[in-house]
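This report refers to the structure that appears directly beneath it.
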Amino acid sequence: MYQERDLQRLLMAVKDRDISRRELVKRGAAIGLGSYALAGALGAVGGPARFQARGLAAKLQDDPSAGVFGGTLRVAAIGEPPTLDEHQTTAGITAEIGYNMYETLMSYDENYRPAPMLAESHEVSEDGLVHTFRLRQGVPFHNGEMMTSADVKASLDRWGQISGVGQRIYAVTDSVEETDEYTVTWTLTQPYGTILVALSNNTQAAVIYPKSVIDAGTLEPNESAIGTGPYRMVDRVPDAYIRFERFEDYAAVEGGPVGYAGTKYAYFDQIEFIPVPDISARVAGLQAGDYHMHNQGGLNNDQFDILSPLSELVTQVENPTDWPVFFLNWESPLMSNLAMREAVQAGLDLEPLMQSAYGSSEFYAMDPGLMMSQTAWHTTAGIERYNMNDPELARAKLEEAGYDGTPIRFMSTQEYGYMYATSTPAVQQLEAVGMVFDHQVIDWATVVERRAQPEEWDMFVTGHGFVPDPSQISYVGQMNQYPGWWSSEESLGLAAELLAESDFDTAYGIWEQIQSNAYTEIPAIKIGDGATTTSRSADIGGWSPQFERGFKYWNLWLNE
Amino acid sequence: MLTYILRRVLLLIPVMLIVGVVVFMLVHLTPGDPAAVILGQNATGEQIQALRDRLGLNDPLLVQFWTWFSNALRGDFGDSIFLGMPVTEALQQRAPPTALLTTYALIISILIGVPAGVVAAVKRNSLVDRGLMLVSISGAAIPTFFLGILLILIFAVRLRWLPSGGYTPITEDPVKHFKGMILPSFTLGFASAGLLARLVRSSMLDVLREDYVRTAMAKGLVYRKVVTRHALRNALIPAITVIGYSLGALLGGAVVTETVFTIPGMGRLVVQSIARRDYPLIQGAIMIIAAIYVLVNLIVDILYVYVDPRIRYGGN
Amino acid sequence: MAATKTSAIEPGLPLAADAAENTRLRSSQRRWLVSLKSNRAALVSVVVLVLLVSMALFAPWIAPKDPAFIDPSIRLLGPSSEYRFGTDAFGRDVLSRVIYGARVSLMIGVSVTIVAAIIGSILGLVSGYYDRLDTPIMRIMDGLMAFPSILLAIAIMASLGPRTINVFIALTVVYVPIVARLVRGSTLVLKQQPHVESARSIGLRDHTILFRYIFANSLSPLIVQCTFVIALAIISESSLSFLGAGVPPETPSWGNMLRDGQQLIQRAWWMAIFPGIALVATVLTLNILGDGLRDAFDPRARER
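Residue numbers (my numbering), protein chains in the order written: chain A, 36 to 595; chain B, 100 to 415; chain C, 914 to 1217.
This is the structure we're talking about:
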C-alpha cells in the first residue's frame, strides 16, 4: 500500500517535470521498487512524449537489453577471495566474483528454480535415476577452446570429489558419462531430489572449467581462472584488485534475462574489484565517489543514515539475506543434555540481539523460519519455541540439567560484525539466569578450526546465508556432520527423505517436521532475519532486486 | 673502519637466525589453520584434513622447520598458501607501496622536523619554541591510526580534497599516486617529525654554545649565516641517527598506516596473512622486514662513525 | 659512547642515551626534585597523571553506569545529560567505559613497564658486566629488536590468543630489549669508573657491586626511559586492539573503543573522539613528564 502511494506521487512528479529521470530511479529504488515495476507503472500512466523523444524512456525502463556499453565499474569488495577455484570453497566472495567468469550447467531463475544455463535442456527418467543434460553448442571458454561434454564430465568429477555437496551426490552416483559431444548422462543409484538445485547453486558451485585446465592442475594454485562467463579475468594483484574485461566472444543465451540465468549482457569494458576490508574505508570511498558500489554484505546497516542522504548514491534496504545462528555442541558434556539446551533457548530474548547486530526494526525481522519468507519453503513450524524470553523457565531447566556453573565456552568473532554483536548481549542475558560463560572472541580461522573438534567448545555463533532449498541449510543437508552434530534418529531419517524427494508438496511436509524438530531438539538457535543495506552510484543502470545469492554484475551499466 | 664494518655484518647472522626461529615458532604455535580459511564457512572436517595433507601441514614440525629454513637461506621462502604465488614474488609486489610510503613519510618528517627544530632552538624559550615543542611532543602521543582516521574524516569525507584510501602505482598515474599518498605519508611521518624537531633543537642548542660558533659571532658574522652555515651542519650529525632509526620505526608504523588507508603494502600483507594463517608468507615477510630493519641500522651506525670521527669504533 | 648511542630507538624515547652519560654524576641526586618543581609543564603533567590514576583506581565510584551493561534499545545515542559521552553500538555508556578504560590502559602500561624494567635491567647488568654473557644475551635482544615491535606483538598475540594477560606478555617481550640495551650501556660505562674498580679490588661480591654501585647509578636514565615505555606500551595496546589483536573486545579499553568507534565514526563520532582524547592526553602527559625528568636528571639539559 505504502509503496503504491509513493509510486503515484513519484509518477506525478515526473509528469510535472519536477524531478529528473535520475531522481525518479533513485527515489523509486529508495521505496523498494525495482526498475521493472517503475517502468511498468510509468507505461501505464503514459510518460510525457517529450520525455521519450529525448531517448530517455529506454533507459528509464532499465530494459536489460538497452543498457549503455562502456566504462569501468569499480567495486569495493569486503575482502580478498581465498581462492578463485569455485569447486574448493564455500566462501561467498569467491562465489560472487566467480559469477562473472564461470557458469554452471543450471542456474537459478528469479524464483530460485533451476533453469538451464550451459545446459540446453535436462531430462530425468521415470525412476529419477538417470539425468540427461543436452549441452549448448558453440560456447567458447576464455582460452578459446569450445565447451564439450568432456569438459563437463571432467569438471563434474572434480567437483564431486572436492566439494561438500558434490561428495554427497557422488556417493549415490553410479556414473557420469559423455554420451556424445554435447550430451552428458548422469546415472544415480538412488533418487536425489535436489540434484538440479545443487547444480544451480553458486557457492562451491559445479562450474564448468576446460578439461585442459583441470588436467594441467593449475586451478589449485590459482594460476588459471578460465570459464565461459560474460567477463574474463585479465589481471589480479591479490589485496589490490581483480580486473575483468568483457569477454567479446561470450555466447549468450537467447530469450532475455531469467534471474541468475538467461541472457547476460556485458556492458562494462572493465570491472575492478578492490578489496577494502575496513568498513569505514568502504563507506568513505563510496561517499568520495572512489567506488561505484560495494559487493554483497559490504555495508553495515548503521551506515545507512550516513549514505542515504547523498544524492549521488542510491541507498536502500533490501530483502533479508542472512540469519545469525548459535550452534550448540551435542557432543560436549554440557550441551549434550537436552535440558541445558532448553535452558539456553528459554533464556534468550532475541530481539535485542537483532537490534544490536542490525540496528532499528526496519533492518531485521523476527521470524522462526529457517527458510526465508521470500521462498516457497517458508514455514513457522515450531514458533512457540522461538524467541521465548522466559528467564523463569530457563532457571528451572538449568536446575533440571543439574548445571554446576561450569563455564560455557562460546566462540565468536569480530571479523563478521553481526556475530560478535549477537553473541555479546546473549552472554549477558544468559548470565542473568545463572549461566557462566567463557566468551571466546577469536579470529574466524580459529573458530573454523576449533568448531570441528567436539571437545573444544560448547557454543559458537555463525551466520547462515539465504538458501533457496532446505537441503542447503548447513545443519540440515549435512545434519550429523556439521559442527554441533545434530544426530537424532528421527531427524536424520527425515533429512534423508527430504533429499530424495522431488515432489514439492510432499517435501514441504517433511520440511515442516524437520523445522519443528529443530525447535524441540535444538541443534542450533536461529536469532532472526537480517536485512541487507545496499548503496550504489546513481549512475548504475539495470539494478536487479534479486541478489540473495550475490550481486550480479552482468546486465548492469553506467549511465555516464 | 673496515674491520668494524665486517664485524657488524658478521653479527647479523646470529640475529637473523634468532629472528627465523622466533618467527617459525610463533607462527606454528598459532591456533587456526590456513586450510580452514581457504575452504570457507561450511567446509567439512575431512575436506580440511585433505587440504592440510596437500599443503604439507601434517609433517612433523622439525621437518617443516628444516625444509623452510634451508630453503630460506637460499632466498626461497616457498609459496604463499593463500595467494598461490611464491612468497618472494608477493613481497616484490608489495614492496613498492611500502618503500614509497616510508620514503615520503621520511621526507615529510625531515621537511617539517628540521626547520621546526632550528626555529625552536633559535627562538629558545619563546612562545614559538613552546608551541612547536608541544606539537612535536603530541606527535608521539597520537596513535597513528587515530591521526589517520581524523585526517580521512576531514580531508576525504568532509572536504573531499584527497582520496580516503587505496593506492595507484606511480607508473600508472603520478598525479593520482601523489594525491593518494599525501594523507598516509603525513600520518606516518608526523610522529618522526616531532622526534626529529626535538632532537635538532637540542643538538642545535649544544652547537650554538660551542666555541667556534661564539667566535664566528664575535667576528661579526650575521647570526642567520652562523646558524645556517656553521651550526646547522654540525647539529645535523646526531640527527642522522634519528633519521635512520626513524626509518625502522616508520617500517613498523607502516603496518598500521597501510591498514587505515588500505594500501596494499608489505605491512598490511603481514597483518592479513596472520589472520589467514598463511605461514610461508608471514615467515618470509617478517624475515625480510627484519633484515631491512637490521641493515638500515647497520648503515646508520656506519654512517655515524663516518661523519663523526669522534665516535670510537671497533668495540666497546 | 659507541655503546650507548644505539639505545634511543623509537619515537617517544628521545635522548635517553644522553641521560645515560650523566649517570657518572652522582652528585645530582637530590637536585632533580628541585629542578622538576621549577618545570611548570612537568608539574601540570604530574597533576593530570594523578587525576588519571585516581580515575582508574576509583572507577567503580566515579563511573555513572555499569560500563558493561548492554541495552540495544538505547544504542548510538549522542551525548546528553543522561549519557554525557553518548552510548555505543551495544547501548553501553561511553563515559563509564572511558573511565574504566583508564584502568586497562594504565594497568597494562605500568605493569608491562615494571616487569620489562626488572627483566631488562637484570639482562642489561649481567650482559654489561660479564663479557662472556654479553654476546649471547645481546644477540637475542638484537634479534627481538629486529622485528618492528607492532608486528612482533601481533604475532605473539595471534599465537597466545586474545587475553589481557597475553597483551601484557607480548608487550613485555617487545620492551625488555630496550631496557636491557639501556642498562647495559650504563653498565659498560660505570664499570670503568674508579669507584667501581676500587670496589672490585677490595673484594666486594659481584652482586653487591652490580646493585649498589652500578644499578643504583643507572637508575635515573632508567626512570626516564620507563616513563616513555609506559607511554609507548599504552599506544601499542591501543594499536593492537585497533588491528584486532588486543585485549578481549568486550573489555573497556581505549584501544577497543577506538576500534569500535572508528567503524562508526561518521555515525557516532562520540564513540571514538572521547576515548581518543583520553588516550592522547595520557600519553602526552607521560611524555612531558619524561622530558621533565630527563631535564631534571641531566644538569647539562637543565642549563638550557
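Using N, Cα and C, we set each Cβ at its ideal position, and we do this for glycine too. From a predicted model like this one, the values you see are computed outputs, not experimental measurements.
(request) With 9 Å as the threshold, decide whether the Cβ of Thr129(B) is near any Cβ in chain C. (result) yes
(request) Measure the Cβ-Cβ separation of Tyr143(A) and Ser235(A) and say whether it is below 9 Å. (result) Yes, the Cβ-Cβ distance between Tyr143(A) and Ser235(A) is below 9 Å.
(message) Just to make sure I have the definition right: I need the residues of chain B whose C-beta is within less than 9 Å of the C-beta of Ala553(A). Which are they?
(response) By Cβ distance, chain B contributes nothing, its closest Cβ being about 17 Å from Ala553(A), past 9 Å.
(request) Pull up the distance between the alpha-carbon of Thr253(A) and that of Gly1168(C), whole angstroms please. (result) So the alpha carbons of these two residues sit roughly 43 Å apart.
(message) Could you check whether the region 116-124 of chain B touches the region 386-393 of chain A, counting it as contact only if at least three pairs of C-beta atoms, one from each stretch, sit closer than 8 Å?
(response) no
(request) Could you spell out the range, first to last residue, of the alpha helix (DSSP H) harbouring Pro1107(C)? (result) 1107-1114
(request) Using a Cβ cut-off of 7 Å, pull out every chain B residue sitting near Asp1055(C), in sequence order please. (result) Val114
(request) Mind the definition here: the region 345-354 of chain B touches the region 1057-1072 of chain C only if three or more C-beta pairs lie below 8 Å; say whether that holds. (result) Three or more Cβ pairs drawn from the region 345-354 of chain B and the region 1057-1072 of chain C lie within less than 8 Å of each other, which places the two stretches in contact.
(message) Could you tell me the alpha carbon to alpha carbon distance between Ala461(A) and Leu383(A), rounded to whole angstroms?
(response) 7 Å
(message) If you reduce the DSSP assignment to three classes, tell me which class Trp221(A) lands in.
(response) It is a strand residue.
(request) State the Cα-Cα distance for the pair Glu138(A) and Arg1016(C), rounded to the nearest angstrom. (result) 56 Å
(message) I want to see whether chain A comes within less than 9 Å of Met184(B), judged by CB atoms only; does it?
(response) yes
(request) Note down, in chain order, each residue of its chain lying with its Cβ closer than 6 Å to the Cβ of Ile1050(C), except the 5 sequence neighbours on either side. (result) Leu1036, Ser1040
(request) Please go through the region 235-292 of chain B and give each complete alpha helix (DSSP H) segment of 4 or more residues, from N-terminal end onward. (result) 243-250
(request) Measure the alpha-carbon distance for Arg332(B) versus Val299(B) and round it to whole angstroms. (result) The C-alpha of Arg332(B) lies about 11 Å from the C-alpha of Val299(B).
(message) Pro151(A) and Thr263(A) - do their beta-carbons sit closer together than 9 Å?
(response) In this structure, Pro151(A) does not lie closer than 9 Å to Thr263(A) by Cβ.
(message) Let's see if you can read the secondary structure: which residues bound the beta strand (DSSP E) around Thr568(A)?
(response) 564-572
(message) Is there a Cβ of chain C sitting closer than 9 Å to that of Thr202(B), yes or no?
(response) no
(request) Going by DSSP, name the residue or residues bridged to Trp592(A). (result) For Trp592(A), which the question treats as bridged, DSSP gives the partners Gly576(A).
(message) By the three-class DSSP mapping on this structure, what secondary structure does Ile443(A) have?
(response) strand
(message) Are the CB atoms of Ser237(B) and Gly212(B) within a distance shorter than 9 Å?
(response) no
(message) Under 8 Å, with one C-beta from each stretch per pair, do the region 529-547 of chain A and the region 482-502 of chain A reach the 3-pair mark?
(response) no
(message) Give me the chain A residues within the contact set of Ser986(C), using Cβ-Cβ distance strictly less than 8 Å, ordered along the chain.
(response) Pro387, Gln390
(message) I'd like the list of long-range same chain contacts for Arg1113(C), defined as Cβ closer than 8 Å, with 5 residues on each side in sequence excluded.
(response) Ile1122
(message) Does chain C have any CB closer than 9 Å to the CB of Tyr392(B)?
(response) yes
(message) Please tell me whether, using a cut-off of 8 Å, the distance from the CB of Asp425(A) to the nearest non-hydrogen atom of the ligand COA is below it.
(response) Absent from the structure shown: the ligand COA. Ligands present: none.
(request) Starting from Ser156(A), follow the beta strand (DSSP E) in both directions and report where the run begins and ends. (result) Element bounds for Ser156(A): 154-159.
(message) DSSP three-state label for Lys432(A), please.
(response) helix
(message) For chain C, check one thing: does any of its Cβ atoms lie closer than 9 Å to the Cβ of Phe244(B)?
(response) For Phe244(B), the answer is yes, since a Cβ of chain C falls inside 9 Å of its Cβ.
(message) Does the structure place the region 221-235 of chain A close enough to the region 116-125 of chain A that three or more beta carbon pairs sit under 8 Å?
(response) no
(message) Pull the bridge partners of Met1184(C) from the DSSP assignment, please.
(response) Looking at the DSSP assignment, Met1184(C) forms no beta bridge with any residue, so it has no partner.
(message) Here's a check: name, in chain order, each residue in its chain whose Cβ is nearer than 8 Å to the Cβ of Trp479(A), leaving out the five neighbours to either side.
(response) Thr448, Glu450, Tyr451
(request) Rounded to whole angstroms, what's the CA-CA distance from Ile1021(C) to Ile1148(C)? Just pull it up for me. (result) 10 Å
(message) Between Val207(A), Gln172(A), Ser522(A), Gly577(A), which has its C-alpha nearest Ala154(A)'s C-alpha?
(response) Gln172(A)
(message) Classify Ser169(B): buried if its beta carbon has 16 or more other beta carbons within 10 angstroms, exposed otherwise.
(response) exposed
(request) Within 10 angstroms of the Cβ of Gly63(A), are there 16 or more other Cβ atoms? Answer buried if so, exposed if not. (result) A caution first: Gly63(A) carries a pLDDT of 42, below 50, which makes its placement in the model unreliable, though a value can still be read off. Result: buried.
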